[in-house]
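Accompanying notes for the structure given below.
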Amino acid sequence: MAQKEKGVTLQLVKVSSKSSLFELTGKFGHDKPLKRIFQIILSQGCKTIVVENEYEDSDYKNEYENFYKKLFKTYAQNTQRLHFFSSNITKTSLGKLGSFENTYLGFCVLRPFQYQKVVNAIIKPTEDCNPSKRSFVLCQEDFNIEIKINSRNTQKLKIRGFPFKQQDGQLGCCAHASLATIDHFLAHKNRKKPCDLSDIIEKAAQVPDTRRAVPSTGLNAVQISQALKGMGYVPLIYQYGEGIRSPFPAERVIYHYMESGIPIMLGIPTSSSGHALTIIGHSFEPDMWWALAQSEYYRRRPSGGPYHCSTTWIQNFIIHDDNFGPYLTIPKEFIWEKAAKEGLLIVVPLPEDVNIQGEDAEIYAYRMISDQIITEKMMEMSLENKITQKWCEVFFDHLQNEDLVLRTCLLDSKKFKKEYTSENLKEFYKTLAMPNKIWLTEVSIPELFCQSRLRLGEVITDSTSNMKFGHSFLAIHLPGIVVTRDVNTEKIKYFPLKEDLPFGHIIR
71 MAQKEKGVTL QLVKVSSKSS LFELTGKFGH DKPLKRIFQI ILSQGCKTIV VENEYEDSDY
131 KNEYENFYKK LFKTYAQNTQ RLHFFSSNIT KTSLGKLGSF ENTYLGFCVL RPFQYQKVVN
191 AIIKPTEDCN PSKRSFVLCQ EDFNIEIKIN SRNTQKLKIR GFPFKQQDGQ LGCCAHASLA
251 TIDHFLAHKN RKKPCDLSDI IEKAAQVPDT RRAVPSTGLN AVQISQALKG MGYVPLIYQY
311 GEGIRSPFPA ERVIYHYMES GIPIMLGIPT SSSGHALTII GHSFEPDMWW ALAQSEYYRR
371 RPSGGPYHCS TTWIQNFIIH DDNFGPYLTI PKEFIWEKAA KEGLLIVVPL PEDVNIQGED
431 AEIYAYRMIS DQIITEKMME MSLENKITQK WCEVFFDHLQ NEDLVLRTCL LDSKKFKKEY
491 TSENLKEFYK TLAMPNKIWL TEVSIPELFC QSRLRLGEVI TDSTSNMKFG HSFLAIHLPG
551 IVVTRDVNTE KIKYFPLKED LPFGHIIR
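So the sequence shown is numbered by our numbering: it starts at 71 and just counts up by one.
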């Protein structure tokens, strides 16, 4: 069935047979990213594809105007946009697509080329069907989509996911594609206008280079950094490899920001040159033997400090690879190996109002929870029977045995107060002055962190402060005690908590 008005043709494609993957690739293209998208939507029970032919896509229009229009060969100016549904859409129901939002699996826009097909896409991640969730796509947002049925009827839908973009291999490269998707996500999250691909190319080209900017042959670390600065971010660049001394494990650096909802560009070496991936999530393995055995049997502590970093229980990171498609997993061991031997590049688009880096915030938090003044105050309150002794003893036992678990991420302070605070702490945090963003370091122990997903306390750090000049903490909560600090007067107060039980850590 096809419905046409003003050049745009709507077409329904039914998905029903077991050979649907091969039928779809035969109809729309055999590119690996497109095939991956088809695999994802088929695994989620896709039954209907609504095709918008002659669709005018702003991303492709930007590519066309800045490159393809200038070539001798003639290229088509419009694209195809495919919308995926796990319900049966008919000609009759096409006019009320909005009512099928709960079965909407996302969309992808296809270039009018034989190769490098996917201009952009947002696909719903595959659901985690484990009894306890073990896969977390942390960089997700709701995106509003409009489908024009005719001049009098525009249907609105919503899809939650992370944007995907495939490089065209001429105007843009893999690093451009990664930067574009990162900016698309963060700009949407912060209600700002994202940069066009041509803008990103122009910003990166401000760094002198012997190579021409277009057609692109790739970007180096300095060009990536320059592009991010021009896009309004503070670029943090971490380089790893043989002969490079890096104070923090690569997976730990990645984790703090990605857990904060900040997508990370990962530059990896390949047999020919290098390639850029985008990290957007991770797995969680509560039963992982290696998490416990590496420190107990082999004296290997991935955190690099006297505690467990929560990355100990991560086996894979979730990535977008513009050569292979969205929502793939990359083993943590691959990152270890490349960081130690062949080289690795981690690029973080940090918000402009954050001055403390995640790994520094976690080290500082550990210093605070092991601070002699604070621990002596806890013991004093415990002896005076002002607080419950049980969890104090558990905390001190794990602190002494270097067996605490720390988990650090950047949070919106208003959201933290509203959604992520236990009832007995709200009276302390409600009136406590905080900047827009805080570093939160959860404090737990392996027995609670893995299966129950509980914490004993937390440290809240001012993300705008400078650690060289005095304290940076805003609040410290440990079993039975809350410590608060006024940043203007430097007054520190200690409060006992009589009934203070472990409570849930943040799961998003």
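For every residue, glycine included, the Cβ atom is placed at its ideal position computed from N, Cα and C.
Proximity of residue i and residue j at Cβ, strictly below 8 Å
i: S533; j: K507; result: yes
i: F177; j: I159; result: no
i: Y308; j: Y377; result: no
i: L80; j: I229; result: no
i: S353; j: S205; result: yes
i: P233; j: N290; result: no
i: C209; j: P333; result: yes
i: P566; j: I457; result: yes
i: I338; j: A297; result: no
i: G583; j: S343; result: Here the chain has residues from 71 to 578 only, and residue 583 is not among them.
i: N148; j: Y185; result: no
i: M504; j: I426; result: no
i: V304; j: E422; result: yes
i: S380; j: L476; result: yes
i: K528; j: L510; result: The question names Lys, but residue 528 in the sequence shown is Glu. Yes, the pair counts as a contact, with Cβ atoms nearer than the cut-off.
i: L526; j: G574; result: no
i: Q236; j: V188; result: yes
i: I530; j: I444; result: no
i: I294; j: A320; result: no
i: Y490; j: L481; result: yes
i: G165; j: N223; result: yes
i: I111; j: L167; result: no
Residues that DSSP places opposite residue i in a beta bridge
i: G574; result: L524
i: D532; result: I508
i: G551; result: Looking at the sequence shown, residue 551 is not Gly but Ile. BP columns for I551 point to L548, P566.
i: V207; result: G351
i: V121; result: Q81, L152
i: S514; result: V475
i: N220; result: N223
i: K228; result: N214
i: H378; result: V475
i: G395; result: D391
i: N386; result: P401
i: I416; result: Y308, L336
i: L480; result: W509
Residue environment, residue i, which counts as buried when at least 16 other CB atoms sit within 10 Å
i: L336; result: buried
i: G428; result: buried
i: K84; result: exposed
i: S248; result: buried
i: L571; result: exposed
i: H600; result: Residue 600 is absent from the model: the chain starts at 71 and stops at 578.
i: M449; result: exposed
i: W359; result: exposed
i: P278; result: exposed
i: I119; result: buried
i: D253; result: buried
i: A361; result: buried
i: I433; result: buried
i: I324; result: buried
i: K535; result: According to the sequence displayed, residue 535 carries Ser and not Lys. S535 is buried by the Cβ-count criterion.
i: G550; result: buried
i: K194; result: buried
i: A146; result: exposed
i: R151; result: buried
i: R322; result: buried
i: E493; result: exposed
i: I577; result: exposed
i: D212; result: exposed
i: H100; result: exposed
i: F108; result: buried
i: T478; result: buried
i: S86; result: exposed
i: K74; result: Note on K74: pLDDT 49, under 50, position unreliable in the model; no value is reported.
i: Q276; result: exposed
i: E569; result: exposed
i: Q521; result: exposed
Beta carbon proximity, residue i to chain C, threshold 8 Å
i: F486; result: Structure shown: chain C not included; a single protein chain is present.
Report task. Could you tell me whether the segment 387-395 touches the segment 341-349, where touching means 3 or more Cβ pairs closer than 8 Å? Result -> Inter-segment contact for the segment 387-395 and the segment 341-349 is present: three or more beta-carbon pairs are separated by less than 8 Å.
Query raised in the report: Do the segment 109-124 and the segment 168-182 touch if we need at least three Cβ pairs shorter than 8 Å?
Result: yes
**Report entry** Ordered list of alpha helix (DSSP H) runs contained in the segment 296-346, each at least 4 residues
**Finding:** 320-328
Query raised in the report: Just checking, does the segment 414-422 make contact with the segment 550-559 on the three C-beta pairs under 8 Å criterion?
Result: no
Query - Segments of 3+ residues assigned as beta strand (DSSP E) that fall wholly inside the segment 140-193 - result: 149-155, 174-180, 188-193
Query raised in the report: Using 8 Å as the threshold, is the segment 469-477 in touch with the segment 400-413, meaning 3 or more CB pairs across them?
Result: The segment 469-477 vs the segment 400-413: no contact.
Query raised in the report: In the segment 89-116, which residue ranges form an unbroken alpha helix (DSSP H) of at least 4 residues, counting only runs that do not cross its ends?
Result: 90-98, 102-113
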